[in-house]
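If you read the sequences in order, they're chains V and Y.
Heads up: the first sequence begins at 103 in the working numbering, then just goes up one per residue.
Heads up: the second sequence begins at 103 in the working numbering, then just goes up one per residue.
Only one structure is covered here, and it is reproduced in the block below.
Protein chains: 2
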Amino acid sequence: MAAIAEELAKGQKEISVAEFFERNRQILGFDSPTKALITSVKEAVDNALDACEEANILPDIAVSVSPTEHDGEYTLVIEDNGPGVVKKQMPNIFARLLYGSRFHAIRQSRGQQGIGISAVVLYGQITTGHHAFVTSKIGHGKPAVRMELAIDTKTNQPKTFSTELDHWEKPHGTRIEVVLKARYQGGKQSVFEYLRSTSIVNPHAKITFTDPTGQAFVFDRASDEVPPKTEAIKPHPLGTELGTILKMAKHSEYRKMTTFLQKEFSSVGADTAKKLLAEAKVENVAPGDLTRDEARRLHAAFGKVKIMAPPTDCLAPIGETLVRRGLKKETEDVSPEYIATVTRPPSVWGGHPFQVEVGVVYGGTLPRDGQVRILRFANRVPLLYQQGGCEGTLGVQAVDWRRYGLEQRGGKGTPVGPAIILVHVASTKVPFTSEAKEAIAPMEEIHKEIKLALQDAARGLGRHLKKKAKRAKVSEKFDLVTKILPEINKKASTMLRKPEVDLAPIVCKIMDVVWIDDVSAEYAKLEGATLAPKAAPLPVPTSAAGGLTLEAFDGDPVEAPAEVPGVPAEPVKPKQAYLGKGTLTITNYKQKAQGFKLYAVLPDNAVFVEAEPAPRKVAERYLLWDVPKMEPAAKAEIRFDVAGVGKGDLDGLDLYVEGINEINVVGADPWHGGEE
Amino acid sequence: MAAIAEELAKGQKEISVAEFFERNRQILGFDSPTKALITSVKEAVDNALDACEEANILPDIAVSVSPTEHDGEYTLVIEDNGPGVVKKQMPNIFARLLYGSRFHAIRQSRGQQGIGISAVVLYGQITTGHHAFVTSKIGHGKPAVRMELAIDTKTNQPKTFSTELDHWEKPHGTRIEVVLKARYQGGKQSVFEYLRSTSIVNPHAKITFTDPTGQAFVFDRASDEVPPKTEAIKPHPLGTELGTILKMAKHSEYRKMTTFLQKEFSSVGADTAKKLLAEAKVENVAPGDLTRDEARRLHAAFGKVKIMAPPTDCLAPIGETLVRRGLKKETEDVSPEYIATVTRPPSVWGGHPFQVEVGVVYGGTLPRDGQVRILRFANRVPLLYQQGGCEGTLGVQAVDWRRYGLEQRGGKGTPVGPAIILVHVASTKVPFTSEAKEAIAPMEEIHKEIKLALQDAARGLGRHLKKKAKRAKVSEKFDLVTKILPEINKKASTMLRKPEVDLAPIVCKIMDVVWIDDVSAEYAKLEGATLAPKAAPLPVPTSAAGGLTLEAFDGDPVEAPAEVPGVPAEPVKPKQAYLGKGTLTITNYKQKAQGFKLYAVLPDNAVFVEAEPAPRKVAERYLLWDVPKMEPAAKAEIRFDVAGVGKGDLDGLDLYVEGINEINVVGADPWHGGEE
């Protein structure tokens with residue numbers, strides 16, 4: 103038997119990481135020629151956007167895919183105006199796997215692994231035998247450097263075949279040229295769509311795309327502001343593993359535990375450090391001497407002592423306005439009837455800050471019979487593949503959409519209906535399921551946040567659909583009375599040469615309801631004003647109105663008690679306030695005169711300004727009108743202004759009535775709230 | 103700007119692969135404490151099974167999970183009776199990522215990456231600070247070696263903390279002990295279920311599992327035969343990339359292209375090599391001097407010249423019998439009404455031989471309202487996670503199951519109904535989507551094979567359900583005539599004290615059909631006999647009967663012309679033949695006497711033996727009986743024996759009738775085949 107073990111030992115050897123991926127390129131997203139092309143574009147564009155953000159440059163990126171003389175081979179060229187790469191590092195950055203600058207820094211960036219762009223070079227070299235050509239210029243007065251590069255897969259070391267100095271009219275930037283086996287196609291999973299989606303969530307970038315036929319498309323920038331550079335942070339104690347604490351302590355340059363904790367972790371001040379060490383009973387230990395049992399006590403203390411949430415300036419969410427704008431742009435051709443967006447407050451998974459943003463679009467000409475379309479983004483990068491295994495999808499599938507008016511078998515799985523659902527996860531560390539960064543792994547904390555955000559966005563949709571259904575119930579009658587009856591009346595009067603009959607009594611006999619309509623509201627920006635954030639939005643899910651966004655704002659940040667589960671809150675930036683102008687119409691289609699009380703429930707923190715007619719009562723939560731007796735077929739209109747609302751807060755306003763049988767009302771529910 | 107590039111360069115550095123996975127452990131399947139435990143068990147058991155197969159040992163594996171004194175920490179011990187690991191290699195095998203013996207060998211094995219078991223050690227050390235203890239003994243007379251091991255994540259090098267010689271009563275084997283953060287739970291994604299599924303597809307293994315409460319479960323072996331060791335092969339020309347050809351040529355030890363092609367590729371003989379070189383016009387080149395253009399021509403020639411399919415002894419499919427047995431075992435508590443299994447002939451993706459096996463179970467007490475359950479396996483390893491992103495699932499979703507009687511919205515997506523669908527992919531290289539080996543990446547060739555196999559298995563199900571539906575249509579009547587009418591008759595006769603009425607005319611008036619039933623068939627093994635494989639099963643999908651299995655068989659292999667797409671066939675092992683004994687019953691529930699012709703279509707290559715009554719005609723494809731005029735309410739029975747069928751081939755036999763109106767027949771379709 104020993105002979106067998108010896109025999110087996112002969113085959114046991116090291117595998118170079120380049121060799122590993124040469125044989126497992128599907129893990130990097132190079133499964134098929136179609137996907138390989140999109141993945142290559144994605145990796146290069148991710149790098150360009152990250153580099154420009156780091157250098158505070160408005161990105162100007164040119165992507166070109168052109169056929170070579172050989173079937174199934176394309177030349178891919180991607181050029182940016184970023185800060186460039188210094189000559190010495192060019193071979194490592196472009197022709198060595200697991201080499202990069204963003205892996206060791208904890209902040210939100212598109213690339214993190216130091217694999218992507220070298221994988222493109224590797225793929226090109228495996229499939230076509232061509233080396234990559236990289237040109238980089240790091241500033242005015244410096245020459246551009248052009249290198250021919252490939253990877254030695256047996257060692258994962260870069261091989262440089264030529265280095266030339268070159269003139270380049272650009273002041274700075276990087277250009278990479280790779281020849282690769284590829285298939286170019288259109289549709290939802292295409293280079294074009296990838297760049298379009300990228301442009302939607304990166305409105306500060308200009309992207310020019312030249313397709314294989316030579317046709318050029320420009321995705322122009324919609325904003326001239328570079329997103330603020332995200333700050334790198336230290337690891338947060340929560341989520342740091344026992345073994346990692348031991349390793350950090352052993353390698354620490356600090357001699358005292360208090361300094362170690364304050365300097366090597368985020369959100370730990372002198373006070374917290376003292377409390378942690380007291381709780382763990384490891385006050386008089388040098389970090390280098392920390393034993394496993396001491397580390398275990400410290401690890402336990404991390405879960406018991408209150409520690410500030412991690413700072414959130416390491417995150418750059420898209421923002422509610424941009425999500426909404428992006429969805430509107432994405433759906434302008436289908437004229438949706440309802441759009442809701444929710445940005446959740448930042449939270450933490452495994453010590454990594456993250457933030458979830460979602461959007462729901464409903465109606466219009468979206469297909470009614472298919473599964474809803476799910477758009478997934480991670481750190482502002484669109485995810486096109488591996489939808490089934492992605493937390494973005496699993497989060498959608500975990501919501502019982504039947505409660506909100508969509509069709510869904512058993513209350514699980516992807517719902518069916520005319521809707522698009524967008525999910526964006528921004529984090530210093532997105533837990534991708536593989537190096538291809540195509541899907542987010544199912545982490546409990548992220549799952550929960552996505553679910554809460556979606557439920558929040560869905561509630562508004564549910565209310566909207568409920569009202570719509572109620573209206574639909576009487577719409578047949580309504581069609582009759584408003585369109586067909588008048589036609590008959592007119593025709594009859596012409597034929598009989600008699601005056602038209604008064605239809606009102608007939609209409610009211612058929613309808614027998616009071617019809618209340620909230621016609622769509624308008625919003626005016628209140629310069630300099632912000633919304634007061636809601637108190638303690640957790641654990642009860644916040645409404646879209648109460649959710650927090652991190653949009654840029656000129657005023658002072660407001661200290662807000664938005665709690666991240668288990669950790670005290672950080673100051674959050676406030677939300678732009680609007681003046682909302684709402685209009686209601688009331689028509690009495692009953693057979694007799696009818697008066698009633700009408701309540702309009704205000705969005706949280708909204709402040710009443712004025713109304714015509716004036717309400718009888720202005721309470722904190724609602725406005726109350728006494729609607730006087732209206733004769734059959736009479737119409738009335740109410741206009742009101744409220745300040746301090748978010749954009750969209752008055753859409754689908756909650757209306758209630760009192761003093762009238764609910765079966766005789768369309769557009770409002772019976773009031774059970776009492777009068778305050 | 104140059105300053106920025108210089109500043110960025112400071113952060114650019116190498117990332118050790120251990121560091122990478124320390125930070126991205128979800129990629130290795132360690133997302134959550136629950137999953138981490140299952141993944142750890144899986145990696146160790148995979149290794150044990152692979153090692154035993156390599157050494158031709160019947161595996162005896164003990165798995166134990168026990169709680170430690172600390173909450174959320176468990177000690178995992180896995181012990182096997184494999185060939186052991188030599189002392190020198192123990193640190194590399196167990197505490198170094200990307201080190202192993204199976205990466206460079208092209209044959210079917212569970213482990214391929216040289217990552218799994220070291221990842222378990224890494225996970226334990228990160229989450230609990232504990233090192234792993236590994237004991238190994240390589241044979242009688244050798245001492246066992248026990249080592250304390252950990253990984254230096256900064257360098258991905260093993261660290262050995264102690265090495266002891268130890269006595270171990272076992273003749274040989276390996277034992278690994280890891281303390282790790284974990285959660286133990288039951289259900290479908292549990293250690294217990296994982297081992298149960300593993301045992302089903304590895305019936306030669308004995309697995310003992312001790313759970314955290316100390317309860318022991320034994321999954322005993324159901325077979326005493328070690329599966330034949332799969333042979334390592336050279337890469338197949340089809341699917342070898344241009345860059346890889348260049349690299350192989352450059353590093354080749356051979357001086358002549360003909361030798362290079364024959365020695366470094368599989369399935370290339372002298373003749374084929376000559377044809378390839380002639381087609382590529384690279385006859386007079388030394389491999390080391392091959393240019394890119396020459397390599398390109400050779401690459402193109404690989405696609406034009408006929409090359410043998412890769413040998414299939416590198417594959418070890420589960421086999422149709424075992425798949426069926428596994429499914430029966432899995433579903434014995436639900437008493438399904440229908441089981442079909444299909445093993446496809448071997449095929450090739452990207453130069454890698456692979457083979458697809460599927461099974462479909464229908465009915466019984468399986469839930470009727472939920473999505474079907476999908477069981478996925480790759481190289482005899484159950485896949486529990488990432489179902490949504492796995493080709494096993496995508497293949498199921500690509501079939502239009504509505505055609506075969508299952509509910510499925512729009513003919514896409516996971517079907518709904520009381521069914522379990524099993525998909526197994528065996529390959530020298532399973533294209534997993536990540537290092538966690540949880541899902542198979544969607545490769546075109548594999549997708550196609552899974553779809554063909556499922557359609558094939560589904561056809562039988564469709565026929566079964568169609569017949570069932572037709573029976574159901576008249577079952578109400580049938581209930582009436584066979585149960586209620588006789589009761590009424592009896593009661594009436596008692597009450598009226600008159601003899602019972604002759605019900606036959608009444609029954610026939612109500613039913614007005616001839617009822618044909620194929621009661622379930624029996625099978626007797628024909629010792630020493632095998633089935634002749636079907637000629638050219640492609641491109642038309644083969645029937646379950648015609649599919650090929652690679653079950654062990656004592657006789658000589660039969661040369662079979664089973665074609666792999668694009669490549670000529672290899673000899674395949676034949677399938678066990680059975681004697682099938684079928685019984686049909688015919689009842690005339692019509693009002694008048696009826697005679698007709700009855701055709702029973704035989705499975706492919708089946709040979710008629712005898713029947714009672716004798717058929718009027720025995721054709722190659724069918725048996726034909728003249729059923730003489732049967733009086734109303736008369737019953738008849740037909741028994742027949744056919745040899746050379748597969749087990750199950752007579753279930754749901756295709757029956758046809760002629761000379762009777764089809765609306766008067768239940769259990770057979772009208773014959774349109776003519777009489778041969």
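Even glycine gets a Cβ: it sits at the ideal position worked out from N, Cα and C.
Proximal residues to residue i (C-beta, below 7 Å), its chain only, five neighbours per side dropped
i: residue 641(Y); result: Summary for residue 641(Y): the model assigns pLDDT 30, below 50, so the residue's position carries little reliability, and this model does not support an answer.
i: residue 119(Y); result: 199, 200 and 258
i: residue 305(V); result: 323, 324, 325 and 424
i: residue 762(Y); result: 616, 696 and 698
i: residue 643(Y); result: Residue confidence is low: residue 643(Y) scores 28 on pLDDT, short of 50, so the model does not pin down where it sits. No coordinate-derived value is stated.
i: residue 409(Y); result: 339, 340, 369, 370, 374 and 669
Buried or exposed by the 16-neighbour rule on C-beta atoms within 10 Å, applied to residue i
i: residue 590(Y); result: exposed
i: residue 121(V); result: buried
i: residue 695(V); result: exposed
i: residue 263(Y); result: exposed
i: residue 441(V); result: buried
i: residue 300(V); result: buried
i: residue 537(Y); result: buried
i: residue 517(Y); result: buried
i: residue 613(V); result: buried
i: residue 244(Y); result: buried
i: residue 182(Y); result: buried
i: residue 473(V); result: buried
i: residue 722(Y); result: exposed
Chain-ordered chain Y contacts of residue i [CB-CB under 7 Å]
i: residue 205(V); result: 117
i: residue 187(V); result: 107
Neighbour list for residue i in chain Y, Cβ cutoff strictly below 9 Å
i: residue 216(V); result: 114, 115, 116, 117 and 122
i: residue 417(V); result: Those do not exist, as residue 417(V) stays about 18 Å from chain Y at its closest Cβ, beyond 9 Å.
i: residue 129(V); result: 129, 533, 534, 535, 536, 537 and 543
Spatial neighbours of residue i in its chain, beta-carbon cut-off 8 Å, leaving aside the 5 residues before and after
i: residue 404(V); result: 339, 340, 342 and 378
i: residue 416(Y); result: 208, 209, 210, 332, 333, 334, 335, 455 and 530
Residue i: CB within 6 Å of a non-hydrogen atom of the ligand MN
i: residue 291(V); result: Inclusion of the ligand MN in the displayed structure is not the case, the ligand content being empty and no account of it being possible.
Contact set between residue i and chain V, taken where Cβ atoms lie within less than 8 Å
i: residue 172(Y); result: 398
i: residue 320(Y); result: Within 8 Å Cβ-Cβ: nothing; residue 320(Y) doesn't reach chain V, min ~25 Å.
Contacts around residue i, its chain only, beta-carbon distance under 6 Å, and the 5 residues preceding and following it disregarded
i: residue 771(Y); result: 758
i: residue 668(V); result: Model confidence at residue 668(V) stands at a pLDDT of 36, short of 50, so the residue's coordinates are unreliable; what they give is reported in the following sentence. Excluding residues within five positions, none has a Cβ falling inside 6 Å.
i: residue 451(Y); result: 545, 547 and 548
i: residue 273(Y); result: 242
i: residue 496(V); result: 544
Rounded Cβ spacing between residue i and residue j (contact assumed at less than 8 Å)
i: residue 147(Y); j: residue 226(Y); result: Rounded, the Cβ-Cβ distance is 16 Å, inconsistent with contact.
Contacts that residue i makes with chain V (C-beta to C-beta distance below 7 Å)
i: residue 227(Y); result: 345
Contact set between residue i and chain Y, taken where Cβ atoms lie within less than 8 Å
i: residue 133(V); result: 533, 543, 544 and 545
Is the stretch 311-321 of chain V touching the stretch 204-223 of chain V in the sense that three or more CB pairs, one from each, lie closer than 8 Å?
-> no
Exercise. Which of the residues in the stretch 494-515 of chain Y, read from start to end, lie with their CB under 8 Å from any CB of chain B?
Worked result: Absent from the structure: chain B. Protein chains present are V and Y.
| query | Hey, is the stretch 556-566 of chain Y in contact with the stretch 501-510 of chain Y, meaning 3+ C-beta pairs nearer than 8 Å? | reply | yes
- Message: For the stretch 456-468 of chain Y against the stretch 420-430 of chain Y, do three or more pairs of beta-carbon atoms, one drawn from each stretch, fall closer than 8 Å, so that the two count as touching?
- Response: yes
Legend entry - Three CB pairs or more closer than 8 Å across the stretch 139-156 of chain Y and the stretch 164-180 of chain Y: yes
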